[in-house]
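Colleague: Numbering (the working numbering), first residue to last: 7 to 408. Just so you know, even glycine gets a beta-carbon here, dropped at the ideal spot from N, CA and C.
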């Protein structure tokens, strides 16, 4: 890879959402189908009634081919590739909010410290009603995120519902570059710690280790137990998930990957040493916990190191490899393997089942009606119920029983 551009060289150190970097890619020999495809593109460019932009035509052909594969494979143009590198390094352009899906609604889990959202006054427990005057009720998180990231203006108008207010509150929040704080935590009076990992980037291992060391220091002795909240964590850097799993394991398999290409087959094992010295662990997951989050949950569950609670995880158990194209300014993100938990199970499309099921509290019917009316701009509504995080409360109770 030394003969490629500096951007390509970054493949070796940046791995996102179970993406491996291959140092070499096997040469593919053109067959009749490849020749036909090239001929078709040439004829369209030469004879089609209207002039077609070459790049647009090639992009259309690429997209058509990739769509035949799976939802996780993709062609990354220079902008998408740069975005991937930034996220893997704990940076992205956005508002700085963490959210969860609560029934048909998007609830703010946290506004990141010093983020545009935090500075604008967005708070934990707020419920998103509109983005740029477009309702987000009954829209999935991915679609809501797209409304923010693809907005033409850097200023995003948010309408939110907040407990104690009878009408929607409006905030104009400026999209900006943000350093992602992927780990937060707290310590209870009895020495039980709770940490939330919102994603896995290249800094998350350091952040988790540093936070746990600080909590132990605050406690004045070993922690009584640890709750790891992985809800709505979409995953991220594979090496980060493996290394964080290893923090708590004395031995055993963490994860294995299997594919047709030789370099897609790996096994990762724990090294001796447990930062908690055997203190109990509870891992909290939900349907938004995916990819690297499932690796951590599966490794601790199958090695009998933690009790997993919550609801079944997403089930993203395939491995995507980044393969540089051309001069390295673009890349192919291609599914090349599946990963298996220590028990040898593939969770792709299945997810990880919790040892103890805990359902999140439903939004009361009367609050559902209030939220919809607020979203329509109708004011003077009754006060909303103060929403409780029942899953977190129950998970903390389970931890204290050990």
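Taking the Cβ atom as the reference point for each residue, do residue 135 and residue 122 lie within a distance shorter than 7 angstroms?
Modeller: By one-based count along the chain shown, residue 135 stands at place 129. By one-based count along the chain shown, residue 122 stands at place 116. Contact flag unset, no.
Colleague: Inspect the CB distances between the stretch 239-259 and the stretch 196-210 and report whether three or more fall short of 8 angstroms.
Modeller: Yes, since at least three Cβ pairs between the stretch 239-259 and the stretch 196-210 fall closer than 8 angstroms, the two stretches touch.
Colleague: From residue 281 to residue 115, what does the alpha carbon distance come to, in whole angstroms?
Modeller: By one-based count along the chain shown, residue 281 stands at place 275. By one-based count along the chain shown, residue 115 stands at place 109. So the two alpha carbons sit approximately 28 angstroms from each other.
Colleague: Go through its chain and collect everything with a Cβ distance to residue 153's Cβ below 6 angstroms, but skip five positions before and after it.
Modeller: On the chain shown, residue 153 is found 147 positions in, with the first residue counted as 1. The answer, listed in chain order, is 137.
Colleague: Give the list of continuous beta strand (DSSP E) stretches no shorter than 3 residues that lie fully inside the stretch 108-179.
Modeller: Within the stretch 108-179, the complete beta strand (DSSP E) runs of at least 3 residues are 111-117, 133-137 and 161-167.
Colleague: Using three-state DSSP, classify residue 389 as helix, strand or coil.
Modeller: Within the chain shown, the letter at position 383 stands for residue 389. Residue 389 falls in the coil class under three-state DSSP.
Colleague: Output the boundary residues of the alpha helix (DSSP H) element that contains residue 249.
Modeller: For the purposes of this step, residue 249 is taken as residue 243 along the chain shown, with counting starting at 1. Segment 244-254, the alpha helix (DSSP H) holding residue 249.
Colleague: Check for me: the alpha helix (DSSP H) holding residue 219 runs from which residue to which?
Modeller: Counting from one through the chain shown, the residue named residue 219 turns up at place 213. Where residue 219 is concerned, the enclosing alpha helix (DSSP H) stretches over 210-225.
Colleague: Consult DSSP for residue 276 and reduce its assignment to one of helix, strand or coil.
Modeller: Sequence index remark: in the chain shown, residue 276 carries index 270 (1-based). The answer is coil: DSSP assigns residue 276 none of H, G, I, E or B.
Colleague: With contact counted as at least three CB pairs below 8 angstroms, one residue from each stretch, are the stretch 379-396 and the stretch 170-177 in contact?
Modeller: Touching, yes.
Colleague: Closest by CA to residue 43, which one among 68, 57, 62 and 53?
Modeller: By one-based count along the chain shown, residue 43 stands at place 37. If we check each option's Cα against that of residue 43, 68 comes out closest.
Colleague: Consult DSSP for residue 375 and reduce its assignment to one of helix, strand or coil.
Modeller: The sequence position of residue 375 within the chain shown is 369, counting from 1. Three-state result, residue 375: helix.
Colleague: Can you give me the C-alpha to C-alpha distance between residue 58 and residue 375, rounded to a whole angstrom?
Modeller: In the chain shown, counting from the first residue as 1, residue 58 sits at position 52. In the chain shown, counting from the first residue as 1, residue 375 sits at position 369. Looking at the two C-alpha atoms, the distance is approximately 50 angstroms.
Colleague: Taking 8 angstroms as the cut-off, does the stretch 263-276 touch the stretch 221-230 (at least 3 CB pairs, one atom from each stretch)?
Modeller: No: the two stretches stay apart, fewer than three of their Cβ pairs being nearer than 8 angstroms.
Colleague: What is the C-beta distance between residue 365 and residue 317, in whole angstroms, given that I count them as a contact (C-beta under 8 angstroms)?
Modeller: Position 359 of the chain shown, counted from the start, is the residue given in the question as residue 365. Position 311 of the chain shown, counted from the start, is the residue given in the question as residue 317. With a Cβ gap of about 7 angstroms, residue 365 and residue 317 count as contacting.
Colleague: Apart from the five residues just before and just after residue 76, which ones in its own chain have a Cβ nearer than 8 angstroms to its Cβ?
Modeller: Here residue 76 is taken as the residue at index 70 of the chain shown, counted from 1. Excluding residues within five positions, the ones whose Cβ falls inside 8 angstroms are 324 and 341.
Colleague: Tell me which residue opens and which closes the beta strand (DSSP E) that residue 264 is part of.
Modeller: Walking along the chain shown from the start, residue 264 turns up at place 258. Its beta strand (DSSP E) spans residues 259-264.
Colleague: How would you label residue 196, buried or exposed, when you count the other beta carbons within 10 angstroms and need 16 or more for buried?
Modeller: The count along the chain shown starts at 1 and reaches residue 196 at position 190. Label assigned to residue 196: exposed.
Colleague: With which residues is residue 43 paired in a DSSP beta bridge?
Modeller: Locating residue 43 in the chain shown gives position 37, counting from the first residue. Per DSSP, none; premise fails for residue 43.
Colleague: Quick check: what's the CA-CA separation for residue 264 versus residue 301?
Modeller: Within the chain shown, numbered from 1, the residue matching residue 264 stands at position 258. Within the chain shown, numbered from 1, the residue matching residue 301 stands at position 295. Those two C-alpha atoms are separated by around 14 angstroms.
Colleague: Looking at the strands, I want to know which residues DSSP matches up with residue 192.
Modeller: Looking up residue 192 in the chain shown gives position 186. Answer is 200, bridged to residue 192.
Colleague: Quick check on residue 31: does DSSP put it in helix, strand or coil?
Modeller: Taking the first residue of the chain shown as position 1, residue 31 is located at position 25. Since pLDDT at residue 31 reaches only 43, below the 50 mark, its modelled position is unreliable, and the value read off the structure follows with that caveat. Three-state result, residue 31: coil.
Colleague: Three or more beta-carbon pairs under 8 angstroms between the stretch 389-399 and the stretch 345-363, yes or no?
Modeller: Cβ pair count under 8 angstroms is below three, so no.
Colleague: Suppose contacts are defined by Cβ-Cβ distances below 7 angstroms. Is residue 164 in contact with residue 142 by that definition?
Modeller: Position 158 of the chain shown, counted from the start, is the residue given in the question as residue 164. Position 136 of the chain shown, counted from the start, is the residue given in the question as residue 142. No, the Cβ-Cβ distance between residue 164 and residue 142 is not below 7 angstroms.
Colleague: Between which two residues does the beta strand (DSSP E) holding residue 288 run?
Modeller: Residue 288 sits at position 282 when you count from the first residue of the chain shown. That run of the beta strand (DSSP E) goes 287-291.
Colleague: Measuring alpha carbon to alpha carbon, tell me which of 259, 388, 348 and 370 ends up nearest residue 275.
Modeller: Counting from one through the chain shown, the residue named residue 275 turns up at place 269. Residue 275 has its Cα closest to that of 259, out of 259, 388, 348 and 370.
Colleague: Among the candidates 130, 132, 161 and 119, whose CA atom is the shortest distance from the CA of residue 139?
Modeller: On the chain shown, residue 139 is found 133 positions in, with the first residue counted as 1. Considering only alpha carbons, the answer is 161.
Colleague: Can you give the Cα-Cα distance for residue 246 and residue 220, rounded to whole angstroms?
Modeller: Working through the chain shown from its first residue, we reach residue 246 at position 240. Working through the chain shown from its first residue, we reach residue 220 at position 214. If I take the Cα positions, the gap works out to 20 angstroms.
Colleague: Sorted by chain position, which residues of the same chain lie with C-beta nearer than 6 angstroms to residue 132's C-beta, five sequence neighbours on each side aside?
Modeller: Within the chain shown, residue 132 is the residue found at index 126, counting from 1. Contacts found: 114, 166 and 168.
Colleague: Would residue 203 pass as an interface residue toward chain C - the criterion being a Cβ-Cβ separation below 7 angstroms?
Modeller: The structure shown contains no chain C; it holds only a single protein chain.
Colleague: Can you give me the C-alpha to C-alpha distance between residue 285 and residue 262, rounded to a whole angstrom?
Modeller: Counting from one through the chain shown, the residue named residue 285 turns up at place 279. Counting from one through the chain shown, the residue named residue 262 turns up at place 256. So the two alpha carbons sit approximately 26 angstroms from each other.
Colleague: Please work out which residues of its chain come closer than 8 angstroms, Cβ to Cβ, to residue 4, disregarding the five sequence neighbours upstream and downstream, and give them in chain order.
Modeller: Any question about residue 4 goes unanswered here, given that the chain covers just 7 to 408.
Colleague: Report the three-state DSSP secondary structure of residue 401 (helix, strand or coil).
Modeller: The count along the chain shown starts at 1 and reaches residue 401 at position 395. Three-state result, residue 401: helix.
Colleague: May I ask you to report which of helix, strand or coil DSSP gives residue 366?
Modeller: One-based indexing of the chain shown puts residue 366 at position 360. Coil at residue 366, not helix or strand.
Colleague: Under a three-way DSSP split, which group does residue 356 fall into?
Modeller: Taking the chain shown and counting its residues from 1, the one referred to as residue 356 is at position 350. Of the three classes helix, strand and coil, the one that applies to residue 356 here is coil, per DSSP.
Colleague: Please confirm whether residue 234 and residue 289 have their CB atoms less than 7 angstroms apart.
Modeller: Within the chain shown, numbered from 1, the residue matching residue 234 stands at position 228. Within the chain shown, numbered from 1, the residue matching residue 289 stands at position 283. Cβ atoms of residue 234 and residue 289: closer than 7 angstroms.
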